[in-house]
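Below is one structure, written out as structure tokens; the observations come after it.
Protein chains: 2
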Amino acid sequence: MTSKDGFSWTKADGLRPGIPCIGAIQPSSNIKSTDTEFDVIVVGAGYAGLTAARDTSVAGLKVLLLEARDRIGGRSWSSNIDGYPYEMGGTWVYWGQATIWREIARYGMQDELESSYDFSRGINRFLLASAEGTQSFTHDEENALMKTCLSKFFNVDGKDGRDALPMPHSAHLTPSDRRFDNMSVADRLVEIQHNLTPNERLCVEGFVLLCSGATLATTSFYEMLHWWALSGHTYEGCINHLVRFKFRGGQSSFAVRFFEEALATGNLSYALSQPVASVEDGAHKITVTTRSGQAFIAKYMISAMPLNVLSNVAFNPPLKEGKATAAKIGHVNQTIKVHAEILDRDLRSFTGISYSHNGLIYGFGDGETPAGNTHVVAFGGQHKHFHPEDDINRTISEFQGFTPMHVERVVFHNWSRDEFAKGAWFFPAPGLLASHFEELRARQGNIFFASSDWASGWRSFIDGAIEEGTRAAANVRADMIGQSKN
Amino acid sequence: MTSKDGFSWTKADGLRPGIPCIGAIQPSSNIKSTDTEFDVIVVGAGYAGLTAARDTSVAGLKVLLLEARDRIGGRSWSSNIDGYPYEMGGTWVYWGQATIWREIARYGMQDELESSYDFSRGINRFLLASAEGTQSFTHDEENALMKTCLSKFFNVDGKDGRDALPMPHSAHLTPSDRRFDNMSVADRLVEIQHNLTPNERLCVEGFVLLCSGATLATTSFYEMLHWWALSGHTYEGCINHLVRFKFRGGQSSFAVRFFEEALATGNLSYALSQPVASVEDGAHKITVTTRSGQAFIAKYMISAMPLNVLSNVAFNPPLKEGKATAAKIGHVNQTIKVHAEILDRDLRSFTGISYSHNGLIYGFGDGETPAGNTHVVAFGGQHKHFHPEDDINRTISEFQGFTPMHVERVVFHNWSRDEFAKGAWFFPAPGLLASHFEELRARQGNIFFASSDWASGWRSFIDGAIEEGTRAAANVRADMIGQSKN
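First to last, the sequence lines map onto chains A and B. For what it's worth, the numbering used here labels the leading residue of the first sequence as 1, then goes sequentially. For what it's worth, the numbering used here labels the leading residue of the second sequence as 1001, then goes sequentially.
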């Protein structure tokens, strides 16, 4: 099964669009021509939509799942190429992320994880490259440096943020949260500029841009604090929660479990490659019309589309003002995530920051391919943004910004040119959450809005998507029971 | 609503059995006389059974939930007395505990938590009492002392246990795990005895006995390491995960959500105060007979009873050898958990260890009652075990082992004399898990066994109970689908 999404490049084959994905479900639709009315229509088959569709179909509702792409998984999917899974988007999972871990345990997949890191051999070093040259550190020195600089960055209260954000899973922002959200990371760096060494500054900026895919001026300081608080207010917690464990079989091996469970109920109709054009919310029914002109009717709709593409769909009545404004503003994450298979076996254990002169800012050895080569993953964003497919030689040269390496293969998904994502994981500029967080989470008529982009906990993560899909399904069911009582 | 479980004492009323509980559901049964056949019978309405009953009834199965007690919640329940919730058993929750946090988020209760601690006033100190007298420390000094002694205790690999137990949620024990499980805490203390100061030794022993409710010789060192690894290998993680956040409305306010959701499906029959006497697993049906002689039939049974009471029920065919042996051995936790309402308002911020001369080993200010008094919770166990109801004056004097206080009210549940628990949360003596962990988790015929006592992650915790109830429900559903295919 192959998706139109993603690109791969090798010297032999050149650049090719479309890569394998087990999430490109066949057949692409199971809708019967007589099936036009449903209890609930779920729009979007990322983890929020998959979870919502699964929970409602398991509960006996008649469900239609519509997905614009030719695959499930949304902003998280993996491509197995020559026996090795490359992760195009959301990758890492951890038992400190509650809603995803509950699913991993439920599907009995807790022993199907592996660590991205293997600090055992070769250039077992942290390489800190700047325009002035490259410094090399042990990983213990890297940890000490990151720990110190992040502690300074997040220490807004003398307790590394513990007092400022004690309850990072709250569904409400406090006045203090809003104050921090109206600050950018650039603002925060001004506050502590005399307290950072040059290396600490490189590291904190590199770390922030890895998280936000934006610029220092367009990254909300609150959202960074929120990630930090979710991670337990420590650098070790950040590593564990953000970037350590991934599925041996790739993310899509997890996504298909949700889909298959829903399908097995017999209550799920679905169609891939069916972008939705419009949604009409009448008093007692919702009509969802696809770009291809098919119309479906349901009592409820769960919109599981990302913030940046909500405006793709014509809602009638239109989205309420707060939600519409937030959708228009959008989020600012334009992460470039690129994988390279390289011949250099001694780079399995390297980590690196290459900043601020390089387009790929953060990179590290992420695995070993069946051919015995090293798999390196690297991240860029709005800072020195580029489109990897436009000039593959430049893309390859960006990898050299960490250390020289021999690139045999490149694999990536360009989220910025993806009309169904318009960016990577959610990351807000200052003020967006302070002004619109609660509005983004609110229902409108019989439409519930589920997206990791406005999760209360691990917002931006797969975990947040599952949290939101779970919430939407529970709300639809509660509403139906409430109605049946009335 | 009042349960027969638990005791309360005041000077005015003396000792009284039975205390209020919103988990004492009325009516106590909704079984219709014609209802004798079910898809699944769940035995036990603790969190494992509640979750299993909810998930199966939501999925459209016809479910019977049988509970021996007059209330739901099992080893976790709260009693609201004069407007204040006292927690009789499992209390604390955290977002690092995945399966319970998923439920908290799903029920929208993430903002209904409060911290047990309020380190703000009065005797804002850690009191370390031994036969030689009482030392007083600041809470910062307490943290430093606990951090140091626990780090020494768990540092089996030069990395505070990080290399020894990197994946604490695995469903399998490694050879290294088994080796640690065949060690007792007493064995471990011999290894590090020359490396502990007298105060460090008091603190590490007090902490261990708080966790296990056993003795140093009967506490598995592996299980302690497992708690430590689950908590992120840090003392801060232990505090956050084990003893910090509780429900403002008490645990039973959470348990009833599971029950109510299941009931609302219309698929749940239930009966409280119906202990099960025997289970007969025929080829195609299971017959469950209560002590009162009522017989119910189902395709599947989910046994959600604790390890220590599995032997209460006559299984035919009998439990397989490994499971039967483990049930006969049982676990060793005989925790005494006692609450006191005291007049001393300046004790809200104290924490204390009183060891090894005292029957209550660990205590601290846990809240402020509506009357403005302080609520203190204290823990003992097999070390100098006593039954609080046998001599209430002794019980009150045990509280004085921390510091003098004026006790107005005592509330507790004696788990050791509870025929449906025979102990508190699961804690294994050395060797039990090494020999029987996988066997405890295994199904037998069409009976699935769900209990926090053999959860793979937060074993012994409410989180583990929900993990297990979730697993059992998923297994029953998967099995039914599998059968319908055959």
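Ideal placement from N, C-alpha and C gives every residue a C-beta, glycine not left out. The structure displayed is predicted, hence computed values, not measured ones.
Any C-beta of chain A under 7 Å from that of residue i
i, result
"Glu1112/B", "no"
"Arg1102/B", "yes"
"Glu1467/B", "yes"
"Gly1096/B", "yes"
"Ala1105/B", "yes"
"Thr1051/B", "no"
"Thr1215/B", "no"
"Ala1264/B", "yes"
"Thr1351/B", "no"
"Thr1219/B", "no"
"Thr1470/B", "yes"
"Asp1013/B", "no"
Min CB distance residue i to chain B below 7 Å
i, result
"Ile481/A", "yes"
"Gly445/A", "no"
"Val58/A", "yes"
"Gly90/A", "no"
"Val476/A", "no"
"His169/A", "yes"
"Thr36/A", "no"
"Lys485/A", "Reliability of the predicted coordinates at Lys485/A is poor, the pLDDT of 39 falling under 50, and no value is obtained from them."
"Thr287/A", "no"
"Thr99/A", "yes"
"Thr174/A", "no"
"Thr335/A", "no"
"Thr138/A", "no"
"Ala473/A", "no"
Contacts around residue i, its chain only, beta-carbon distance under 8 Å, and the 5 residues preceding and following it disregarded
i, result
"Arg443/A", "Phe449, Asn475"
"Glu141/A", "Phe126"
Sub-7 Å separation of residue i and residue j beta-carbons
i, j, result
"Val1243/B", "Trp1009/B", "no"
"Gly1161/B", "Phe1154/B", "yes"
"Gly322/A", "Glu439/A", "yes"
"Arg477/A", "Ala59/A", "yes"
"Phe420/A", "Leu64/A", "no"
"Arg54/A", "Glu261/A", "yes"
"Trp454/A", "Arg441/A", "yes"
"Phe1245/B", "Leu1113/B", "yes"
"Leu1210/B", "Phe1315/B", "no"
"Ser273/A", "Ser120/A", "no"
"Gly445/A", "Asp281/A", "yes"
"Tyr235/A", "Lys159/A", "no"
"Val1332/B", "Phe1427/B", "yes"
"Leu1145/B", "Val1276/B", "no"
DSSP bridge partner residues for residue i (one or two, in chain order)
i, result
"Ile1041/B", "Leu1064/B, Met1301/B"
"Pro1085/B", "Asn1080/B"
"Asp281/A", "Ile286/A"
"Lys1246/B", "Glu1114/B"
"Ala1487/B", "Nothing can be reported for residue 1487/B: it is not among the residues displayed for chain B, which extend from 1001 to 1486."
"Ala1271/B", "Ser1029/B, Leu1066/B"
"Trp9/A", "Leu15/A, Val410/A"
"Ser354/A", "Ala129/A"
Own chain, CB closer than 6 Å to residue i, minus 5 neighbours either side, in chain order
i, result
"Gln97/A", "Trp458, Asp463"
"Asn486/A", "Model confidence at Asn486/A stands at a pLDDT of 35, short of 50, so the residue's coordinates are unreliable and nothing is read from them."
"His1357/B", "Ala1131"
"Gly1352/B", "Leu1127, Gly1363, Phe1402"
"Ser1484/B", "Note that Ser1484/B scores a pLDDT of 45, beneath 50, so its modelled location is shaky and nothing firm can be said."
"Gly1074/B", "Gly1046"
Cut-off 7 Å between Cβ atoms - residues of its own chain near residue i, not counting five sequence neighbours on either side
i, result
"Ile1342/B", "Asn1373, Thr1374, Val1376, Met1405, His1406, Val1407, Glu1408"
"Ala1324/B", "Pro1318"
"Ala304/A", "Val42, Val43, Gly44, Gly46, Ala48, Gly49, Ala52, Ala450, Ser451, Gly469"
In chain order, which continuous runs of the alpha helix (DSSP H) of length 4 or greater are located wholly inside the segment 1113–1193 of chain B?
Counting only runs of 4+ residues, the alpha helix (DSSP H) found wholly inside the segment 1113–1193 of chain B occupies 1139–1154, 1175–1181, 1185–1192, in chain order.
Uninterrupted beta strand (DSSP E) stretches inside the segment 299–345 of chain A (no shorter than 3 residues)
Here the runs fully enclosed are 314–316, 336–342.
Considering only residues of the segment 14–58 of chain A, which uninterrupted alpha helix (DSSP H) runs meet the minimum length of 4 residues and lie entirely inside it, listed in chain order?
Within the segment 14–58 of chain A, the alpha helix (DSSP H) runs of at least 4 residues that lie entirely inside it are, in chain order, 47–58.
Whole beta strand (DSSP E) elements within the segment 370–439 of chain A, 3-residue minimum:
The beta strand (DSSP E) runs lying completely inside the segment 370–439 of chain A and spanning 3 residues or more are 374–380, 407–412, given in chain order.
3 or more residues per run - each beta strand (DSSP E) lying fully within the segment 437–475 of chain A:
Taking only runs of at least 3 residues, the beta strand (DSSP E) segments lying wholly in the segment 437–475 of chain A are 447–449.
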